[in-house]
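Everything on this sheet refers to the single structure shown next.
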Amino acid sequence: MASVTGDDILLSATGLTKTFGDFRAVDGIDFAVRKGEAFGFLGPNGAGKSSTMRMVGCVSPVSGGELRLFGLDPATDGPAIRARLGVVPQRDTLDEELTVEENLWIYGRYFGLSRREVRSRAAELLDFAQLTDRAGDRVEPLSGGMKRRLTIARSLINSPEILLLDEPTTGLDPQARHVLWDRLFRLKRSGVTLVLTTHYMDEAEQLCDRLVVMDHGKIVAEGSPRQLIEEYSTREVLELRFDAEDHKDFAEQVTGIGKRVEVLPDRLLVYTDDGDEAAAVVHSRGIAPLSSLVRRATLEDVFLHLTGRTLVD
Amino acid sequence: MSATAATPSAASRLARLVPMPAGAGLARMLVERNVTSFRHGWIALVTGFAEPVFYLFSIGVGIGALVQTVRTDSGAEVGYLQFVAPALLAASAMNGAVMDSTFNVFFKLRYAKLYDSVLATPMGPRDIAVGEISWSLIRGGMYSALFLLVAAFAGAVQSWWALLALPAAVFIGFAFAAVGMFATTFMRSWVDFDYITLAIQPMFLFSATFFPLSTYPAALQWVVQLTPLYHGVALERGLMLGEVDAGIFWHVLYLVVLGALGVLGTARRLEKLLLS
Ligand SMILES: Nc1ncnc2c1ncn2[C@@H]1O[C@H](COP(=O)(O)OP(=O)(O)OP(=O)(O)O)[C@@H](O)[C@H]1O
Ligand SMILES: [Mg+2]
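Residue numbers (full-length UniProt numbering), protein chains in the order written: chain A, 1 to 313; chain B, 1 to 276.
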């Protein structure tokens, strides 16, 4: 695994482990995040992403291995570290008894910031989150996307050096996701280090400079989205759907076409550097799929190759 | 000086003996949060205040008209209204504290997930325990002050010692809020709240609240004297009737020790529940 070294490392873990009883939710992972980087954990449900994020956020004690943030140990310097972090948890934990702007003020006060400071900061953040005209409203009636933006605004109240985002856009509609991605891009450009988890490969591709693929508490691959696709997949994928209950039967018919074939319950994936050419070969063999589609390879294909399973089920 | 500097202070030795979870000294921020939230729901203040006042008039004035006078445990003859008002003050301090530290805290802990977001900041479990209990005292203090005022107008106050009845009510609130919040950390669902009612109701009725301790069977008297509300009632009664003696000190000590244990236990339970 490519190791990352240097003085500009804000976050590093070696052999990081989290156990719940006998169960190893995070099983000895190594990673390091540089200042200004957008770093992702990509993995399916139960991979151990949130468990990792909670340890990094200093709200869950490390069961084994070493974890350092800003060179400090969460076991002894938790409050000092948390003062420099922004946290967007998987589920929104907004304060529904308060208004939108009070949420920002009060959260800022938890960091010990002065009233004047939180008020001016909150005004900027409401603008950033496009919620200025809802400032005095209750939180409860806001849409899912608005709540998420408010949670992100709230996490920025202390001007954090690292922002931790646990599945920032899960459960949002495509429109709301794009608005959120745009906001996160802006943050990244302004120099905030982003650490995020996701089980959407498009999100990982959009946002992450570098990512690790997690499965069953372990890291199975690491690199930039592009590197991972180059290393673990071909450039293009030919998707074939047949009129059949089981697509296994058709796998034999396409053997030899492309570099590799994956069989999914509802389709065959032919990995090849030239999808159109592969489609022509399929046609010339007299195989007649219901549909055939050529697309660019994605991180989904990387994951499938590494684990034999799809990311979102 | 140099000799004492090298050895750990008594406080830090005690701290190691009784491990108290971390805090960042920011408990007041949680109080501020509660004040802000309370401004939207001030109606709660009205209900919290109204209940003991209703009791004062129905029982104190109503039953007082039938009973006339009572002989207190110190032997003095007093009007029933004067006798029961301090007990109602103590009971309302208890009820206010228990309501706040059980129902409200349970909601914040399990449903609103308030403390999860608080713990993502520099604040720690100790700040949450101290913050919530302090808030409970502030709120309870407001109810008690209003109650005292009404009681004074109704003629239920006889001594200048009654000025101390307000701080005394805060001690009662402290003990019950701390123990109540500790109990809440063990609750799994709203059904478990029946246990709270089960503990509170008999205490409310039988802590020498409505009749003097001497009227209980001898065998039961010592049981009554073990309950925290008995000490709260005895404390308030002593102050409001002006029967002040050394016993007052023991009542306060009982309440303070109970409260301190409650704060410690609460902080440790929160740490176990939320920082896993
Ligand atoms: N407090 C806990 N006690 C026991 N087991 C836990 C606890 N928290 C998480 N787990 C288990 O650890 C595993 C990893 O959970 P985690 O929440 O870290 O996964 P995740 O990658 O975030 O998944 P998701 O995409 O569903 O959010 C799961 O099997 C989960 O059931
Ligand atoms: Mg998760």
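Even glycine gets a Cβ: it sits at the ideal position worked out from N, Cα and C. Just so we're clear, the structure is a prediction, and the values are computed from it rather than from any experiment.
For threonine 272 (chain A), the enclosing beta strand (DSSP E) covers residues 267-272. For the segment 113-134 of chain A, the set of residues with a beta-carbon nearer than 7 Å to any beta-carbon of chain B is empty. Distances taken from the Cβ of lysine 49 (chain A) to the heavy atoms of ligand 1 include one shorter than 7 Å. In this chain, leucine 94 (chain A) is not harboured by any alpha helix (DSSP H), its DSSP state being neither H nor E.
Judged by their CB atoms, valine 87 (chain A) and alanine 75 (chain A) are not nearer to each other than the 8 Å cut-off.
For glycine 171 (chain A), not one C-beta of chain B is nearer than 8 Å to its own C-beta. DSSP places phenylalanine 185 (chain A) in the uninterrupted alpha helix (DSSP H) bounded by 174-189.
According to DSSP, residue pairing for valine 150 (chain B) in a beta bridge does not occur.
Only buried fits valine 261 (chain A), as 16 or more other CB atoms lie within 10 angstroms of its CB.
The bridge partners DSSP lists for isoleucine 59 (chain B) come to none.
Under a criterion of Cβ atoms nearer than 8 Å, the residues of chain A adjacent to alanine 112 (chain B) are, in order, Thr93, Asp95, Glu96, Glu97. Contact annotation for tyrosine 232 (chain A) against chain B: no contact, minimum CB-CB distance about 35 Å [criterion: below 8 Å]. Interface with chain B (8 Å Cβ-Cβ cutoff): tyrosine 271 (chain A) is excluded. Here the alpha carbon of threonine 197 (chain B) sits roughly 36 Å from the alpha carbon of valine 100 (chain A). Annotation: Cβ neighbours of glycine 57 (chain A) in chain B (cutoff 8 Å, chain order): Ala120.
Comparing alpha carbon positions, the residue from B:Gly60, B:Asp73, B:Leu66, B:Gly96 closest to glutamine 82 (chain B) is B:Gly60. Contact check for alanine 87 (chain B) against phenylalanine 176 (chain B) fails: the beta carbons are separated by 8 Å or more. Residue range 23-34 is occupied by the beta strand (DSSP E) that includes alanine 32 (chain A). Taking C-beta atoms as the reference points, threonine 36 (chain B) and isoleucine 106 (chain A) count as a pair closer than 8 Å.
In the DSSP assignment, no residue is bridged to glycine 145 (chain A). Looking only at B:Ala50, B:Thr102, B:His251, the smallest Cα-Cα distance to alanine 199 (chain B) is reached by B:Thr102. Residue environment for lysine 248 (chain A): exposed (fewer than 16 other C-beta atoms within 10 angstroms of its C-beta).
Look at the beta carbons and you see the segment 190-200 of chain A touching the segment 158-169 of chain A: at least three pairs across the two are nearer than 8 Å.
In the DSSP assignment, leucine 196 (chain A) is bridged to A:Gly40, A:Leu165.
Remark: the shortest separation between the CB of serine 276 (chain B) and any heavy atom of ligand 1 falls under 7 Å. Residue contact with chain B for valine 26 (chain A): absent (no Cβ-Cβ distance below 8 Å to any residue of chain B). Excluding residues up to 5 positions away in sequence, Arg138, Val139, Glu140 lie with their Cβ nearer than 8 Å to the Cβ of glutamate 96 (chain A) in the same chain. With a beta-carbon spacing of about 4 Å, tyrosine 110 (chain A) and threonine 121 (chain B) fall inside the 8 Å limit used to define contacts. Leaving aside the five residues that flank tyrosine 254 (chain B) on each side, the residues in its chain whose CB is nearer than 6 Å to its CB run, in chain order, His231. Taking 8 Å as the Cβ-Cβ cut-off, the segment 56-89 of chain A approaches chain B at Gly57, Val59, Ser60, Pro61, Gly78, Pro79, Ala80, Arg82, Ala83, Leu85, Val87, Pro89, given in chain order. In this structure, leucine 306 (chain A) lies near valine 220 (chain A), with their beta-carbon atoms less than 8 Å apart. Check the Cα spacing between serine 276 (chain B) and each of A:Val59, A:Met53, A:Asp30, A:Ser50: the tightest is with A:Val59. The C-alpha of alanine 24 (chain B) is placed about 8 Å away from the C-alpha of arginine 126 (chain B). Counted as a single uninterrupted DSSP element, the beta strand (DSSP E) harbouring phenylalanine 20 (chain A) occupies residues 9-20.
Spatial neighbours of glycine 57 (chain A) in its own chain (CB-CB distance under 8 Å, excluding positions within 5 residues in sequence) are listed in chain order as Arg82, Leu85, Val87, Leu164. Around glycine 131 (chain B), the same chain offers Ala27, Leu30, Val31 as residues with beta carbons nearer than 6 Å, after the five sequence neighbours per side are excluded.
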